[in-house]
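*Asks:* Same order as they appear, the protein sequences are chains G and Y.
For the first sequence, our numbering assigns the number 723 to the initial residue and increments by one for each residue that follows.
For the second sequence, our numbering assigns the number -2 to the initial residue and increments by one for each residue that follows.
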Amino acid sequence: MLTLTRTYSLPNCTLTLEGIAASGNTNLDRPPLSILTHFECLFLGLESPLSGNRELLEALNQAVSLYAQSLLSGVGRPWPSEVADRVALERRSLDHHALTIHQSENSAGQPQGRRELTLTTVQLFDLVDALDQVCADSQTLPELRQQFSPASRRYSPYRQAPTERAAPLLFGVASLTVAAVALFFLPVPKIEPPQEPAPAQTSAVNPSATPTPTAPPTPEITDPQLLSQLREQTYTQIDRAWRKKASVESDLTYRLSVNANGLIVGYRPLDGASADYDSDTPLRSLSSVPTPSPSAAGEPTAQFKVTFKADGQLSIEPYNEGETITPTASP
Amino acid sequence: MQLDNPPEFVDTPGALLKTLPDLPGLPAECPRRARIQLDLLLLGIESLERLGGEAMLYAAKELQLQHLIQNRVVLWRIRSTSPYRRFPQRRPLSLDEAKALTLVTCYLARRLIGVVRELLLAYQRLQSQNLPLDGHFQLNDYLERFRSYFRKRMQPRRVLEDEKLNTLAIDVLIKLLLCGGTAGSARLWTSLFDGEVE
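1. Just to check my reading of the structure: residue 870(G) and residue 18(Y) have Cβ atoms closer than 8 angstroms, yes? What is that Cβ distance to the nearest angstrom?
2. Does the Cβ of residue 794(G) have 16 or more other Cβ atoms within 10 Å, making it buried, or fewer, making it exposed?
3. Among the candidates 10(Y), 182(Y), 83(Y), 115(Y), whose CA atom is the shortest distance from the CA of residue 137(Y)?
4. Please confirm whether residue 40(Y) has its beta-carbon closer than 8 angstroms to some beta-carbon of chain G.
5. State the beta-bridge partners of residue 979(G) as determined by DSSP.
6. Using a Cβ-Cβ distance cut-off of 8 angstroms, determine whether residue 183(Y) contacts chain G.
7. Return the residue from the list 962(G), 1041(G), 963(G), 965(G) that minimises the CA-CA distance to residue 975(G).
8. If we ignore side chains and look at the alpha-carbon of each, how far apart do residue 799(G) and residue 119(Y) end up?
9. Check whether the Cβ of residue 15(Y) lies closer than 8 angstroms to any Cβ atom in chain G.
10. Rounded to the nearest angstrom, what separates residue 92(Y) and residue 62(Y) at their Cα positions?
11. Please state whether DSSP places residue 698(G) in a helix, a strand or coil.
12. Residue 117(Y) and residue 170(Y) look like a contact to me (Cβ under 8 angstroms); what is the Cβ gap, rounded to whole Å?
13. Per the DSSP calculation, residue 1030(G) is bridged to which residue(s)?
14. Give the DSSP bridge partners of residue 726(G), in chain order.
15. Does the beta carbon of residue 813(G) sit closer than 8 angstroms to a beta carbon anywhere in chain Y?
16. To the nearest angstrom, report how far apart residue 132(Y) and residue 140(Y) are at their CA atoms.
17. Could you say which of 822(G), 766(G), 954(G) lies nearest to residue 805(G) if we only look at CA atoms?
18. For the alpha helix (DSSP H) containing residue 42(Y), name the first residue and the last one.
19. Starting from residue 765(G), follow its DSSP beta bridges and name the residues at the other end.
20. Distance check for residue 772(G) and residue 836(G), CA to CA, integer angstroms please.
21. Are the stretch 18 to 28 of chain Y and the stretch 152 to 165 of chain Y touching by the rule of at least three beta carbon pairs closer than 8 angstroms?
22. Are residue 201(Y) and residue 60(Y) closer than 8 angstroms when you measure CB to CB?
23. Please list, in chain order, the chain G residues whose beta carbon lies closer than 9 angstroms to that of residue 96(Y).
24. With a threshold of 8 angstroms between beta-carbons, can residue 871(G) be considered close to chain Y, or not?
25. Pull out every residue of the stretch 18 to 29 of chain Y whose Cβ sits closer than 7 angstroms to any Cβ of chain G, in chain order.
26. Name the residue from 874(G), 991(G), 951(G), 995(G) whose alpha carbon lies nearest to the alpha carbon of residue 1024(G).
27. Should residue 35(Y) be flagged as near chain G, meaning a C-beta pair shorter than 8 angstroms?
28. According to the neighbour-count rule (16 or more other Cβ atoms, all chains shown, within 10 Å of its Cβ), is residue 175(Y) buried or exposed?
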């Protein structure tokens, strides 16, 4: 008979298993520890270790694994009685977990009673990982395996009662009926030809009239010579600043507003991926914040569509209003 | 330590998907909460590491998952199946895509485990001394980035005040720590279906 000790060390928790190898395997390099006599679990900063027999180790392993899973999902479930009778784990705060061990007797056969420890998340994680390592180790308690299964729907705190689920549906059907009845009595609207817009003299007659809530459209630069000059200037400016070419994995497209001096006064992503990855382009650092002066508000701008291509190429084209832009990678 | 099934880096695409446990009775598509969870964990990784987006593609390549995550746009599309997103994709997330995101998350969480541990220890220290969270440079950096990514990408009605976003960011950090462990990917994968099976 060969006595074996296996230690699993993590920064805040050291788990030591003592046992014996089953006969017949004792001459291997690392014989399997198949009979556990005793285990000890020492947490950094806590004086006396947790210790116990195989039943307690198995219960601790299941409890800790189920608890860790519930921390990930937020769904708890009742534990099997052989686990719950020996171990309890409860979250005290975001970062503290209370571990309670009910030991009926220690290895010498003396009753030990109840032991409660408060573990921080990092300590708890080290316990989880030490036990996971024991389970993954085929030479230590070979039949001890981590078993994973999702908690049943009936324990989900997110689940609504059937009546609650039916309520929106019933409400929807009811309001549809009400709307249908109400609309039935409404006359069919007559289609009238559009009227001539009122002459714009009102503002001339009354200069103090309140402005319409919609902002006047920003005038656009239309001079073709200036446009091509701005386009070239913007291209050079962006190309020089675009350093993270390799990080663009697929085309990123933006609409740019450039003022007559060639300053980028604004940009807008044209699809979701471009919105998320604008930090891979130099646009944010290049665009200048326009001064909120009345003259700057109505400053004429040129609109361009800029594409940062995955192959490192840059393209700038005039932006056409109403053009539908689809992500280039769409099928 | 000897492992039963050491991860084999064979050249078959998707071979590692089989390392996740087979769970009976799963729905055909990934549940809503799972889609939110995976996207949030990846957001946490991006907040920890400036090269988050690139690191995810690199991880997908290392893990032979390129057939599922080919490029940035595809990654963005599958992450954007989270209903929290400002531009949510109205498409389901297949189980294989969810497996790929799980493996990428846990691979990166494992690589970042030292940082995650350090930040959680800092959090614990500040909490026990009743100090504000911005008292630790790296932790504050992580929290700021998490809040800013969250505000930029998620629907405005999901966005919370700083304090609640900080709590969410710490919760994500705790989850990433669990993901980075020996059985992290199996546990995360199983937890995605907690409360979703009979």
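Every residue gets a Cβ at the ideal spot worked out from N, C-alpha and C, and that includes glycine.
Computed from a predicted model, the values in this text were never measured in an experiment.
*Replies:* Let me spell this out:
1. 5 angstroms
2. buried
3. 115(Y)
4. no
5. 988(G), 1025(G)
6. yes
7. Considering only 962(G), 1041(G), 963(G), 965(G), the residue with the shortest C-alpha distance to residue 975(G) is 1041(G).
8. One C-alpha to the other measures close to 31 angstroms.
9. no
10. 13 angstroms
11. No statement about residue 698(G) is possible, as the shown extent of chain G runs from 723 to 1053 and does not include it.
12. 6 angstroms
13. 974(G), 1036(G)
14. 741(G)
15. Not an interface residue.
16. 12 angstroms
17. 822(G)
18. 29 to 45
19. 735(G)
20. 11 angstroms
21. No contact exists between the stretch 18 to 28 of chain Y and the stretch 152 to 165 of chain Y.
22. Since the first residue shown for chain Y is -2 and the last is 195, residue 201(Y) is missing from the structure and cannot be characterised.
23. Residues of chain G passing the Cβ test: none, with the nearest at roughly 14 angstroms.
24. Closer than 8 angstroms to some Cβ of chain Y, the Cβ of residue 871(G) qualifies, so yes.
25. 18, 20
26. 951(G)
27. No, because no Cβ of chain G sits closer than 8 angstroms to the Cβ of residue 35(Y).
28. The residue in question, residue 175(Y), is buried, as its Cβ has 16 or more Cβ neighbours within 10 Å.
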